[in-house]
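Colleague: Quick one: the structure is below, and I'll ask about it shortly.
Number of protein chains: 2
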Amino acid sequence: MAGTNSLENKMLHEDGPAIILIGAQLGENIGKAARAMYNFGLTDLRLVAPRDGWPNPDAIPAAAGADIVLDKARVYDSTAEAIADLNYVYATTARRRDMIKTVVTPRKCAGLMRGYSDIGQKVGLLFGPEKAGLKNDDVALCDAIVSVPLNPSFASINLAQAVIVMAYEWFQTGADQPDHFTPQLGTTPASSEDLQKLFDHMEDELTEAGYFRHDQRRSTMKRNLRNIFKRSELTHEEVSTLRGVVKALATGGGPGWIAEKAELAKKMKDNGRK
Amino acid sequence: MAGTNSLENKMLHEDGPAIILIGAQLGENIGKAARAMYNFGLTDLRLVAPRDGWPNPDAIPAAAGADIVLDKARVYDSTAEAIADLNYVYATTARRRDMIKTVVTPRKCAGLMRGYSDIGQKVGLLFGPEKAGLKNDDVALCDAIVSVPLNPSFASINLAQAVIVMAYEWFQTGADQPDHFTPQLGTTPASSEDLQKLFDHMEDELTEAGYFRHDQRRSTMKRNLRNIFKRSELTHEEVSTLRGVVKALATGGGPGWIAEKAELAKKMKDNGRK
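First to last, the sequence lines map onto chains A and B.
According to the working numbering, the first sequence is numbered sequentially starting from 1.
According to the working numbering, the second sequence is numbered sequentially starting from 1.
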């Protein structure tokens with residue numbers, strides 16, 4: 001999925017959640033997380049005791065251009081230090097924990113974070129090391145657990161995937177994009193008159209061609225045809241295209257063509273008389 | 001994010017959308033797509049003219065165990081053949097196309113697909129090659145375009161990321177998981193009586209300790225304390241823990257401890273009298 005966004009919605013402000021990676025092992029995974037963050041407008045990356053130190057050259061190619069996130073990343077010795085300035089922190093984990101702590105879906109979490117962020121509070125998401133996941137002591141520092149619903153037969157997702165899902169859900173809460181739209185590309189929607197002329201033209205040609213031979217179903221058949229073309233939400237220009245199609249089909253052979261030839265012959269004859 | 005899903009929701013049926021990868025270049029990316037599919041319960045993978053042929057050994061490690069998806073994958077020569085049995089097909093693309101075709105968000109698309117699937121219709125999602133994306137001729141075969149809202153400053157996501165987002169959104173439409181819940185782990189929520197006893201105990205000790213020295217604010221202070229503990233949604237067991245904490249604090253020193261010592265002394269004296 002290459003290219004630029006089809007909707008030129010402006011870049012969201014940078015008060016989104018901090019992404020806190022605890023004990024991340026591979027620089028490549030840190031880079032992938034940075035890429036996913038920046039895809040969805042996040043830039044506050046915090047690393048707690050990354051295994052291979054920081055900066056890590058393996059992160060750069062994996063970030064695929066999200067250098068701004070890597071450059072701004074901050075390193076901490078402990079989780080407590082990394083989250084000290086945050087008001088609400090959520091622990092991402094797929095494992096069941098023996099704790100009485102609320103578990104929320106990514107969507108619910110994103111909504112909560114957006115709500116807090118909107119009133120000026122700082123939020124963050126904790127991610128554990130690749131294999132082991134978060135320790136219970138880190139989970140206990142958080143306000144709630146966020147767990148991605150997964151196929152119970154195959155419920156292991158990697159660090160970057162988890163970051164993608166959370167960053168994606170965050171971004172959706174701020175996206176002012178309509179859930180569907182149809183670009184018009186400088187065309188004009190067809191007027192009712194455009195459509196009526198198309199229907200009249202088509203029905204005349206069909207009558208001529210003997211299409212409506214069962215009179216008792218004629219009105220149903222007309223209605224069905226009209227519904228087909230109403231559903232297409234035609235433009236003015238497309239109506240012209242379709243009238244050309246009807247004309248071509250009608251005159252390309254059969255009674256329509258015969259009729260047209262007769263008309264042409266008559267016109268030529270009339271012209272000859274003038 | 002390792003481990004098994006914390007919610008034992010059953011595996012969803014396999015009538016989910018077909019994932020159709022057109023001209024995929026790297027086996028690794030096909031494997032990653034398969035992993036993302038199976039994470040979210042999808043198994044119908046279709047490959048149109050994969051660059052390096054099929055099967056491709058590079059796909060296996062990247063699938064991280066989603067072998068069922070790779071084993072079932074079918075290969076087609078053309079997009080038209082790959083989608084022949086499908087009723088509704090959506091083209092994933094981030095690029096603006098000069099076509100009058102409706103553009104939907106991933107969430108909207110997932111909802112539409114779930115609706116069609118529920119009435120027995122077959123749906124699919126088209127993904128283009130890694131760099132180039134879908135050709136316009138492929139897009140024209142589709143019912144609508146689905147476009148992931150992205151940071152306009154950094155709007156390039158890779159094939160596997162796009163599959164994750166779409167598969168995730170599909171899975172959410174079928175997940176019967178509540179958006180939040182708090183596991184009770186075999187404990188009992190505290191009764192009002194439990195809480196009242198805790199409040200009485202704490203307030204008695206605080207009165208004893210001289211905490212409520214400004215009489216005019218006493219009722220406000222009590223209310224604030226009660227609100228703190230009401231918000232915690234305590235269990236019966238946690239109320240016992242807190243009563244132990246209050247007792248330990250009150251007797252660990254200060255007037256409470258002095259009072260308790262006096263009481264103990266009195267009891268001993270009383271016992272001595274008997």
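All C-beta atoms in this analysis are idealised placements derived from N, C-alpha and C, irrespective of residue type, glycine included.
In this text, all values refer to a predicted model and were calculated from it rather than measured experimentally.
(1) Hey, how far is the Cα of B/Ala250 from the Cα of B/Arg231?
(2) How about B/Cys109 and B/Leu126: do their beta carbons lie closer than 8 Å?
(3) What residues match up with A/Tyr116 in a beta bridge as DSSP calls it?
(4) Give, in chain order, every residue of the region 156-177 of chain B whose Cβ lies closer than 8 Å to some Cβ of chain A.
(5) Can you list, in chain order, the stretches of the beta strand (DSSP E) that have 3 or more residues and sit fully within the region 142-197 of chain B?
(6) Could you name each continuous alpha helix (DSSP H) segment of 4 residues or more that falls completely within the region 7-64 of chain A, going from the start of the chain to the end?
(7) Given a threshold of 16 other Cβ atoms within 10 Å of its Cβ, counted over all protein chains shown, does B/Gln161 qualify as buried or as exposed?
(8) Which of the three DSSP states is assigned to A/Thr92 in this structure?
(9) With a threshold of 8 Å between beta-carbons, can B/Gln184 be considered close to chain A, or not?
(10) Can you tell me the Cα-Cα spacing of B/Val89 and A/Val89, whole angstroms?
(11) Relative to the C-alpha of A/Gln196, which residue among A/Arg114, A/Ala24, A/Arg226, A/Gln216 is closest?
(12) Please look up how many angstroms separate the CB atoms of A/Gly124 and A/Ile20, rounded, as I've assumed it's under 8 Å.
(13) Looking only at DSSP bridge pairs, what is A/Val104 linked to?
(14) I need the straight-line Cα distance from A/Pro61 to B/Phe40, nearest angstrom please.
(15) B/Leu225 lies in the alpha helix (DSSP H); which residues open and close that run?
(16) Roughly how many angstroms separate the alpha carbons of A/Glu8 and B/Val148, rounded to a whole number?
(17) Of all the options B/Asn151, B/Val239, B/Gly252, which has the alpha carbon lying nearest to the alpha carbon of B/Phe199?
(18) Would you say the region 206-220 of chain A touches the region 170-187 of chain A, given that touching needs at least three Cβ pairs under 8 Å?
(19) Can you give the beta carbon distance from B/Val91 to B/Leu159, rounded, assuming they're within the 8 Å contact cut?
(20) Buried or exposed for A/Gln121, please, with buried defined as at least 16 other CB atoms from any protein chain shown within 10 angstroms of its CB.
(21) Along the region 36-53 of chain A, what residues have a CB closer than 8 Å to any CB found in chain B?
(22) Got a sec, what are the start and stop residues for the beta strand (DSSP E) A/Arg74 sits in?
(23) Going by Cα to Cα distance, which pick from B/Ala94, B/Ala84, B/Ile100 is closest to B/Lys131?
(24) Could you work out which residues of chain B lie near A/Gly65, taking near to mean beta carbons separated by less than 9 Å?
(25) In the DSSP output, what is A/Gly124 paired with across the bridge?
(26) By the 10 Å Cβ neighbour count, where 16 or more other Cβ atoms means buried, how is B/Arg213 classified, buried or exposed?
(27) Against A/Asn227, what residues of chain B qualify as contacts under a CB-to-CB distance less than 7 Å, listed in chain order?
(28) Compare the C-beta of B/Ile324 with all C-beta atoms of chain A and state if any pair is closer than 8 Å.
(29) Taking Cβ positions only, does B/Met1 come closer than 8 Å to chain A?
(30) Let me check one thing: in DSSP terms, what residues is B/Thr235 bridge-paired to?
(31) Under 7 Å from any heavy atom of the ligand NAD, does the C-beta of A/Asp137 make it?
(32) Between which two residues does the alpha helix (DSSP H) holding A/Ala140 run?
(33) To which residues of the same chain is B/Thr235 closer than 8 Å at the C-beta, ignoring the five residues directly before and after it?
(34) Drop a sphere of 10 angstroms on the beta-carbon of B/Glu233, count the other beta-carbons inside from all chains shown, and report buried for 16 or more, exposed for fewer.
(35) Cβ atoms of A/Ala64 and A/Val163: under 8 Å apart, would you say?
(36) Is the CB of B/Asn136 under 8 Å away from at least one CB in chain A?
Modeller: According to the data block:
(1) Pairing B/Ala250 with B/Arg231, the inter-Cα distance amounts to about 23 Å.
(2) No Cβ-Cβ contact shorter than 8 Å links B/Cys109 with B/Leu126.
(3) Note: A/Tyr116 sits in no beta bridge, so no partner.
(4) Against chain A - using a Cβ distance shorter than 8 Å - the residues of the region 156-177 of chain B are Ser156, Ile157, Asn158, Leu159, Gln161, Ala162, Ile164, Val165, Tyr168, Phe171, Gln172, Ala175, Gln177.
(5) The qualifying runs are 144-146.
(6) Uninterrupted alpha helix (DSSP H) stretches at least 4 residues long and entirely within the region 7-64 of chain A occur at 27-39, 59-63, given in chain order.
(7) Buried, since its Cβ has 16 or more Cβ neighbours within 10 Å.
(8) Assignment of A/Thr92 by DSSP, reduced to helix, strand and coil, places it in the strand class.
(9) It does: the Cβ of B/Gln184 has a partner Cβ on chain A nearer than 8 Å.
(10) Each residue's alpha carbon lies about 39 Å from the other.
(11) Nearest C-alpha to A/Gln196 among A/Arg114, A/Ala24, A/Arg226, A/Gln216: A/Arg226.
(12) With a Cβ gap of about 5 Å, A/Gly124 and A/Ile20 count as contacting.
(13) Answer by DSSP bridge pairing, in chain order: A/Val146, B/His180.
(14) If you take the alpha carbons of A/Pro61 and B/Phe40, they lie about 28 Å apart.
(15) That run of the alpha helix (DSSP H) goes 218-231.
(16) For A/Glu8, the predicted model reports a pLDDT of 39, less than 50, meaning its position is unreliable and no value from the coordinates is stated.
(17) Taking only the C-alpha atoms, the option nearest B/Phe199 is B/Val239.
(18) Using a Cβ-Cβ distance cut-off of 8 Å, the region 206-220 of chain A and the region 170-187 of chain A are not in contact, since fewer than three pairs of beta carbons, one from each stretch, lie closer than that value.
(19) Sequence check: residue 91 of chain B is Ala here, not Val. Actually they do not touch by this definition, with Cβ atoms about 14 Å apart.
(20) It counts as exposed.
(21) Under the 8 Å Cβ criterion, the region 36-53 of chain A contributes Ala36, Tyr38, Asn39, Phe40, Gly41.
(22) Secondary structure note for A/Arg74: its beta strand (DSSP E) is the uninterrupted segment 74-76.
(23) Proximity to B/Lys131 across B/Ala94, B/Ala84, B/Ile100 peaks at B/Ala94, based on C-alpha coordinates.
(24) Those are Phe154, Ser156, listed as they occur along chain B.
(25) A/Gly124 pairs with A/Ala18, A/Val89.
(26) So B/Arg213 ends up on the exposed side.
(27) Near A/Asn227 there are no residues of chain B at all, since even the closest Cβ is about 17 Å away, more than 7 Å.
(28) With chain B covering 1 to 274 only, the question about residue 324 of chain B has no answer from this structure.
(29) Reliability of the predicted coordinates at B/Met1 is poor, the pLDDT of 39 falling under 50, and the value obtained from them is presented with this limitation in mind. For B/Met1, at least one C-beta of chain A is nearer than 8 Å to its own C-beta.
(30) Bridge partners of B/Thr235: B/Pro189.
(31) As far as ligands go, the structure on display features none, and thus does not contain the ligand NAD.
(32) 136-140 is the extent of the alpha helix (DSSP H) around A/Ala140.
(33) Only residues of its own chain outside the window of five on either side were considered, and among them Gln184, Thr187, Thr188, Pro189, Ala190 have a CB closer than 8 Å to the CB of B/Thr235, listed in chain order.
(34) By the beta-carbon neighbour count (other beta carbons within 10 angstroms, threshold 16), B/Glu233 is exposed.
(35) No. Outside cutoff.
(36) No, its Cβ sits nowhere closer than 8 Å to a Cβ of chain A.
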